[in-house]
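Protein chains in written order, with my numbering: chain A, 1 to 539; chain B, 1 to 191. All residues carry an ideal CB built from backbone N, CA and C; glycine is no exception. Just so it is clear, the structure is predicted and the values come from calculations on it, not from any experiment.
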């Protein structure tokens, strides 16, 4: 036993190593990125376990499935919207008979600090009929992840660890245990449990539903669901996730301690919740995320003698992340006040492209090239390139999901618009832009795709892209993009005039064209220079 | 004892290093610590906020409640004013005076500084020029750690130790510059 200071993400990563992990996969996405980053660092320093970035969350999930099929323990990491990309293997993996422990670590982003929505992965776990554990502390992040592997092997099911931003990116002290050995490779002889042909799938689905009662009973008895009796007769509080911490933060100020049920393990313990609310006249639900238990408790016919309070009745805001002050207000306590300065109005400071960013040069070229086409539609994508939506660029119109710029441009062109331009970063293109470009090639769609190649996954901190910059052109050409309309240019101010001219010509062209603007992200370039300098200084 | 610190700045100013050094020092001295950071999108030149909570008792929330912070330590003047609602009535604002004016509507810096100096407990430090004198403008954040050090519930020696530890991988010159910056900040705060 020893104590370590870890990010919530790192506590999950280290727990996986200590649980006998053989291989982990993922795609970078805030706030999940540091899980796999930690494992990659660990692997480099200790010679294992294997930890790799993949093309996207779906391919990462499928690689993890293969490790599980081969009998060994595996983890796949992603942000909440990444689970949408991996939804196909995720939903179906609930039906197979998991062999080696399979843990899906998903980091949600309530409040949308760095995301396009705030979907709650507990709902996804329910949809798939998968066990979900939600830590509220660093210690729980470690303990739950270790236990998740055991649950996965015991019930032959994937297990989800649901993190949120404020735990993923908060540091705290964790007491860690002894490491367990990895499983030896061992294939399960009943491999028809993995052939989801309709006949097998019907049997597997029924088998999952049959064993779900056992799963429900096991999870209901989990030490991560806790009940404390209160001194305030009719009032009780149900917390999930980090809401527990905000509740405890305010507890000393309450005149009487309410009864408290905390849910950390799912499927939620319905019998325990029923027993908890039975003596109450009023219950407050504090959930970091959607009003998930709250909606179940209200049902379509709400209980007659219970006042249910939460996000749906207005005591807690319907959206956004919780904090100690929101929970304080929901508990009916007077607001704390800080220092107030009269007449102070502060300008916002939104994120922006770094000074000298190659994307900035590309956006200037795009704006200049499109000045002759006032009706042009410019679709765009996820990543640093999204910042082209903000001043001074105001160069893009859409950002929906990974790769959507390409498919949306095709749709807008199909709808009769011209010109249509799609803008996407290199890693986002490799993640989800290749397949829609295949659609555009097949239909010879009159549109221009601009790939901003900064040679890295920039927004999440500079992870390597799956294929190097020099291979990108071959990938695009291999899809069948006409060579005469495929250009690779240097995204640099000194090339501004010629780049603008190439763009103007291709935008005007009534066919498919692709322009790749290449220059390394200045952050990663700076970092590799610093590393070289430091290495030289050490010698 | 509890000591909540709001750490503020702009992406790229080294707010997370400041947080790491104070947090590591507090842990070494046996305090409970929770340190909440901002990663991802807002690091790109946007406003950056870190919550650092030190206590001799277990800490529940990773986030600091309104009106509870003992200290706002800011790498930039405008950002020092952004989180005043978290400052307790007897809390202190310590800020570097050099603005990061990467927005078009940055107010006149004199007005910003006047507002800060009008607060009950405020200290403004020309951290960038002190850092330059120490050897590099990049050490501005360590000047600010030094400036905060008389108020922090950790010993100066422990802070020195972690400045050495954190910069050790970058060579002895970088360590020396940052230690000098730390001392310069402490001296400036004591003037």
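Would you mind stating whether residue i and residue j have Cβ atoms separated by less than 9 Å?
{"i": "residue 180(A)", "j": "residue 19(A)", "result": "yes"}
{"i": "residue 453(A)", "j": "residue 519(A)", "result": "yes"}
{"i": "residue 37(B)", "j": "residue 42(A)", "result": "no"}
{"i": "residue 364(A)", "j": "residue 56(A)", "result": "no"}
{"i": "residue 116(A)", "j": "residue 357(A)", "result": "no"}
{"i": "residue 72(A)", "j": "residue 184(A)", "result": "yes"}
{"i": "residue 80(B)", "j": "residue 8(B)", "result": "yes"}
{"i": "residue 90(A)", "j": "residue 61(A)", "result": "yes"}
{"i": "residue 242(A)", "j": "residue 167(A)", "result": "yes"}
{"i": "residue 131(B)", "j": "residue 168(B)", "result": "no"}
{"i": "residue 37(A)", "j": "residue 461(A)", "result": "yes"}
{"i": "residue 160(A)", "j": "residue 219(A)", "result": "no"}
{"i": "residue 448(A)", "j": "residue 506(A)", "result": "yes"}
{"i": "residue 109(A)", "j": "residue 28(A)", "result": "no"}
{"i": "residue 246(A)", "j": "residue 122(A)", "result": "no"}
{"i": "residue 87(B)", "j": "residue 69(B)", "result": "yes"}
{"i": "residue 78(B)", "j": "residue 255(A)", "result": "no"}
{"i": "residue 127(A)", "j": "residue 106(A)", "result": "no"}
{"i": "residue 288(A)", "j": "residue 310(A)", "result": "no"}
I'd like to confirm the pairing. Which residues does DSSP put opposite residue i in its beta bridges?
{"i": "residue 53(A)", "result": "26(A)"}
{"i": "residue 398(A)", "result": "379(A)"}
{"i": "residue 122(A)", "result": "Looking at the DSSP assignment, residue 122(A) forms no beta bridge with any residue, so it has no partner."}
{"i": "residue 13(B)", "result": "The partner list for residue 13(B) (beta bridge, DSSP) is empty, contrary to what the question assumes."}
{"i": "residue 172(A)", "result": "6(A)"}
{"i": "residue 132(A)", "result": "160(A) and 266(A)"}
{"i": "residue 287(A)", "result": "240(A)"}
{"i": "residue 235(A)", "result": "282(A)"}
{"i": "residue 544(A)", "result": "Beyond the ends of chain A as shown, which are 1 and 539, falls residue 544(A); an answer cannot be given."}
{"i": "residue 517(A)", "result": "452(A) and 489(A)"}
{"i": "residue 4(B)", "result": "53(B)"}
{"i": "residue 17(A)", "result": "Beta-bridge pairing links residue 17(A) to no other residue."}
{"i": "residue 228(A)", "result": "260(A)"}
{"i": "residue 447(A)", "result": "512(A)"}
Take residue i and list the residues in its own chain whose beta-carbon comes closer than 6 Å to its own, dropping the five residues that flank it on each side.
{"i": "residue 34(B)", "result": "53, 59 and 62"}
{"i": "residue 258(A)", "result": "230, 232, 235, 236 and 237"}
{"i": "residue 378(A)", "result": "396, 397 and 421"}
{"i": "residue 366(A)", "result": "395"}
{"i": "residue 417(A)", "result": "377"}
{"i": "residue 172(A)", "result": "138"}
{"i": "residue 368(A)", "result": "500"}
{"i": "residue 165(A)", "result": "31, 109 and 113"}
Quick one: what does DSSP say residue i is sitting in, helix, strand or coil?
{"i": "residue 59(B)", "result": "coil"}
{"i": "residue 86(A)", "result": "coil"}
{"i": "residue 193(A)", "result": "helix"}
{"i": "residue 342(A)", "result": "coil"}
{"i": "residue 35(B)", "result": "strand"}
{"i": "residue 97(B)", "result": "coil"}
{"i": "residue 156(B)", "result": "helix"}
{"i": "residue 256(A)", "result": "coil"}
{"i": "residue 426(A)", "result": "helix"}
{"i": "residue 144(A)", "result": "helix"}
{"i": "residue 50(B)", "result": "strand"}
{"i": "residue 115(B)", "result": "helix"}
{"i": "residue 89(B)", "result": "strand"}
{"i": "residue 188(B)", "result": "helix"}
{"i": "residue 621(A)", "result": "Not covered by the structure: residue 621(A). The range shown for chain A is 1 to 539."}
{"i": "residue 463(A)", "result": "strand"}
{"i": "residue 248(A)", "result": "helix"}
For residue i, which residues in the same chain have their Cβ closer than 7 Å to its Cβ, ignoring the five residues on either side in sequence?
{"i": "residue 353(A)", "result": "359, 360, 384 and 387"}
{"i": "residue 442(A)", "result": "none"}
For residue i, which residues of its own chain have a beta-carbon under 8 Å away from its beta-carbon, when the five flanking residues on both sides are left out?
{"i": "residue 189(B)", "result": "94, 123, 125, 146, 147, 148, 149 and 150"}
{"i": "residue 174(A)", "result": "3, 4, 5, 6, 11, 14, 138, 139, 141 and 142"}
{"i": "residue 102(B)", "result": "10 and 45"}
{"i": "residue 187(A)", "result": "69, 70, 71 and 99"}
{"i": "residue 135(B)", "result": "173, 176, 177, 180 and 181"}
query: Using a beta-carbon distance cut-off of less than 9 Å, what residues from the region 59-89 of chain A approach chain B?
result: none
task: Compile a chain-ordered list of the residues in the region 56-82 of chain B whose CB is closer than 8 Å to at least one CB of chain A.
output: 60, 61, 62, 63, 64, 65, 66, 67, 68, 69, 78, 79, 81 and 82
message: Can you pull out the residues from the region 234-249 of chain A whose beta carbon lies closer than 9 Å to at least one beta carbon of chain B?
response: 242, 244, 245, 246, 247, 248 and 249
- request: Quick one: which residues of the region 166-183 of chain A get their C-beta closer than 9 Å to a C-beta of chain B? List them in chain order.
  value: 166, 167, 168, 169, 170, 171, 172 and 173
- request: Check each residue of the region 325-339 of chain A: if its Cβ is closer than 8 Å to any Cβ of chain B, include it; give the result in chain order.
  value: 325, 328, 335, 336, 337, 338 and 339
- prompt: Taking Cβ-Cβ distances below 7 Å as the criterion, which residues of the region 505-534 of chain A are in contact with chain B?
  reply: 534
query: Residues in the region 22-34 of chain B with C-beta within 8 Å of chain A's C-beta atoms, listed in sequence order?
result: 23, 24, 27, 32, 33 and 34
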